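Peer 1: Mind looking over this structure? Questions follow.
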Amino acid sequence: YGIPFQIRTGKKLTQYPAGTLFRLILDCYEENYSFATIKNLCLNEHFPWSDTRKEEIQQLIAFGIKNNCLCAIKDKGREFSPWEFVFAEKKHPCAVFFKDLKYHITKLVNASSFNEIRVAYFAFKEAFFDESAFSSYDDAILGRCLKELASLIHISQSFQNLSKETDSTRSA
Numbered sequence: 036y037g038i039p040f041q042i043r044t045g046k047k048l049t050q051y052p053a054g055t056l057f058r059l060i061l062d063c064y065e066e067n068y069s070f071a072t073i074k075n076l077c078l079n080e081h082f083p084w085s086d087t088r089k090e091e092i093q094q095l096i097a098f099g100i101k102n103n104c105l106c107a108i109k110d111k112g113r114e115f116s117p118w119e120f121v122f123a124e125k126k127h128p129c130a131v132f133f134k135d136l137k138y139h140i141t142k143l144v145n146a147s148s149f150n151e152i153r154v155a156y157f158a159f160k161e162a163f164f165d166e167s168a169f170s171s172y173d174d175a176i177l178g179r180c181l182k183e184l185a186s187l188i189h190i191s192q193s194f195q196n197l198s199k200e201t202d203s204t205r206s207a
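Mapping of the sequence shown onto this note's numbering: residues 36 to 207, in sequence order.
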C-alpha cells in the first residue's frame, strides 16, 4: 500500500511534565473545573504563568479553599462548576481570571479540527503564559507536542483534498 512505517522509541509526550498540559486542560473541562483539576493545572511549575496570572492563580486557589470549591454542584437539575456557584453569591476579583481560564479551556476542548486546536492553544498560551520563561526542556516538549499537532493538521488537510478530488471525479 505504500504507507510509510516508522518505529519510535522513548516515552510518550504525556509522560513528561510539560506534555501533560493538554490532558490537564481536558481534566478541568471534564470534571467541571473541580478544585483539584484547577490546582493541578494552575500550580504546575512546568508552565510559566505570567506574573499577573500567578497572582490571580494564588487568589483563586485561596478563594477556592476558603469557599470549599471542591467539585461540581447540582442545583435544580443542572450541574455547575463549584466556582460559578460560589461566584454567583460572592463577588470576587478572581472571578474574572476564572471566566477567562474557562473560556480558553472551552475553546480548546470544543475545537472541531486540529487547526482550531492549534489556534486555541496559541490564544491560551498568549493569555496565560510568559513565553520567555519556558525552560528549554519544557519548551522542547511542548514544541514536540505542537509538531505532532502540525502533522495531524497536514494529514487532515490531505484527506480533505483527497475527498474533494474523489467528489469531483464522481460528479464528472
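Note that CB positions come from ideal geometry on N, CA and C, so glycine has one too.
Small disclaimer: the values here were computed from a predicted structure and weren't measured.
For the structure I just gave you, are there three or more beta carbon pairs, one from the segment 93–109 and one from the segment 140–154, closer than 8 Å?
Peer 2: These segments do not touch.
Peer 1: Beta-carbon separation of Phe149 and Leu187 under 8 Å?
Peer 2: Yes, they are a contact pair.
Peer 1: With DSSP as the reference, label Lys142 as helix, strand or coil.
Peer 2: Of the three classes helix, strand and coil, the one that applies to Lys142 here is helix, per DSSP.
Peer 1: Does the beta-carbon distance from Asp165 to Ala53 come in below 8 Å?
Peer 2: No; because the gap between Cβ atoms is not below 8 Å, this pair is not in contact.
Peer 1: Once DSSP output is grouped into helix, strand and coil, what is the label at Ile60?
Peer 2: Three-state result, Ile60: helix.
Peer 1: Could you tell me whether the Cβ atoms of Glu153 and Leu48 are closer together than 8 Å?
Peer 2: With the sequence shown as reference, residue 153 is identified as Arg, and Glu is not the correct amino acid for it. No. Outside cutoff.
Peer 1: Name the residue from His127, Phe40 and Asn75 whose alpha carbon lies nearest to the alpha carbon of Phe57.
Peer 2: It is Asn75 whose Cα lies nearest to the Cα of Phe57.
Peer 1: Given a threshold of 16 other Cβ atoms within 10 Å of its Cβ, counted over all protein chains shown, does Phe87 qualify as buried or as exposed?
Peer 2: Here the sequence assigns Thr to residue 87, which means Phe is not the residue at that position. Exposed, because fewer than 16 other Cβ atoms sit within 10 Å of the Cβ of Thr87.
Peer 1: Under a three-way DSSP split, which group does Phe115 fall into?
Peer 2: DSSP places Phe115 in strand when its eight states are reduced to three.
Peer 1: How would you write the range of the beta strand (DSSP E) that Asp165 sits in, first residue to last?
Peer 2: That residue, Asp165, is in no beta strand (DSSP E); it is neither H nor E in DSSP.
Peer 1: CB-CB under 8 Å to Trp84, same chain, minus the five flanking residues each way: which ones, in chain order?
Peer 2: Once the five neighbours on either side are set aside, the close Cβ partners of Trp84 are Cys77, Ile92, Phe163, Phe164 and Asp165.
Peer 1: Please report how far the alpha carbon of Val131 lies from the alpha carbon of His189, in whole angstroms.
Peer 2: Roughly 36 Å separates the two Cα atoms.
Peer 1: Taking the alpha-carbon positions, what's the Lys111 to Val121 distance?
Peer 2: Each residue's Cα considered, the two are about 16 Å apart.
Peer 1: Could you spell out the range, first to last residue, of the alpha helix (DSSP H) harbouring Lys74?
Peer 2: Its alpha helix (DSSP H) spans residues Phe70 to Cys77.
Peer 1: Kindly indicate the opening and closing residues of the alpha helix (DSSP H) around Ile92.
Peer 2: Start and end: Asp86 to Lys101.
Peer 1: Is DSSP giving Lys134 helix, strand or coil here?
Peer 2: Of the three classes helix, strand and coil, the one that applies to Lys134 here is helix, per DSSP.
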